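Chemist: Structure below; questions to follow.
Numbering (this note's numbering), first residue to last: 1314 to 1432.
Structure, rendered in structure tokens:
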């Protein structure tokens, strides 16, 4: 099963980074074993662009477009057999110690099922 792992920077980060794992070790251990598919850091919220369509018009807003104390700093797509393994992988990430991690299971659209019924 695939999980989106959102890596969050939080305002309540601990002052000490003692005993926090190195990101390089996490990347080697997780990506090197195929338990992660893709991931990257994200630019800061000031570089974000919001896009909405209202009454047929595209509305674009610059900068942060959500009011939140947490900032999505990056993401990884995990490949794990179950939620317990995804939690274990997330708990080993440095930001689980100094920020926060949010895991979300993918919810496939199953678009191919409709094509098979038509064919």
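Even for Gly, the Cβ is constructed at its ideal location relative to N, Cα and C.
It should be emphasised that the depicted structure is a prediction, and the values quoted were computed from it without experimental measurement.
Under 8 Å by Cβ, that's how I've got residue 1371 and residue 1362 pegged, so tell me the actual separation to the nearest angstrom.
Modeler: The residue you call residue 1371 lines up with position 58 of the chain shown. The residue you call residue 1362 lines up with position 49 of the chain shown. Actually they are not in contact, since the Cβ atoms of residue 1371 and residue 1362 sit about 11 Å apart, beyond 8 Å.
Chemist: Which residue marks the beginning of the beta strand (DSSP E) containing residue 1389, and which one marks its end?
Modeler: Taking the first residue of the chain shown as position 1, residue 1389 is located at position 76. That run of the beta strand (DSSP E) goes 1384-1392.
Chemist: Assuming residue 1351 contacts residue 1407 (C-beta within less than 8 Å), just tell me the rounded distance between them.
Modeler: By one-based count along the chain shown, residue 1351 stands at place 38. By one-based count along the chain shown, residue 1407 stands at place 94. That pair is no contact at about 19 Å.
Chemist: For residue 1344, list the residues DSSP reports as bridge partners.
Modeler: Here residue 1344 refers to the residue found at position 31 of the chain shown. Residue 1344 is not bridged to any residue.
Chemist: Is residue 1384 closer than 9 Å to residue 1358 when the C-beta atoms are compared?
Modeler: Translated into the one-based positions of the chain shown, residue 1358 becomes position 45. Translated into the one-based positions of the chain shown, residue 1384 becomes position 71. Yes, these two residues count as a Cβ contact at 9 Å.
Chemist: Leaving aside the five residues before and after residue 1417 along the sequence, list all residues of the same chain whose C-beta is less than 6 Å from its C-beta, in chain order.
Modeler: Taking the chain shown and counting its residues from 1, one reaches residue 1417 at position 104. 1317.
Chemist: Between the beta-carbon of residue 1411 and the beta-carbon of residue 1327, is there less than 9 Å?
Modeler: Counting from one through the chain shown, the residue named residue 1411 turns up at place 98. Counting from one through the chain shown, the residue named residue 1327 turns up at place 14. In contact: residue 1411 and residue 1327 (Cβ atoms closer than 9 Å).
Chemist: Any idea if residue 1409 is buried or exposed, counting beta-carbon neighbours within 10 angstroms, 16 or more meaning buried?
Modeler: Here residue 1409 refers to the residue found at position 96 when the chain shown is read from its first residue. Result: buried.
Chemist: Output needed for residue 1322: all residues of its chain with C-beta closer than 6 Å, excluding positions within five of it in sequence on either side, in chain order.
Modeler: Position 9 of the chain shown, counted from the start, is the residue given in the question as residue 1322. Closer than 6 Å at Cβ, skipping near neighbours: 1384, 1386 and 1412.
Chemist: Span of the alpha helix (DSSP H) holding residue 1349?
Modeler: Taking the first residue of the chain shown as 1, we reach residue 1349 at position 36. It is not in any alpha helix (DSSP H) - residue 1349 instead sits in the beta strand (DSSP E) that spans 1349-1354.
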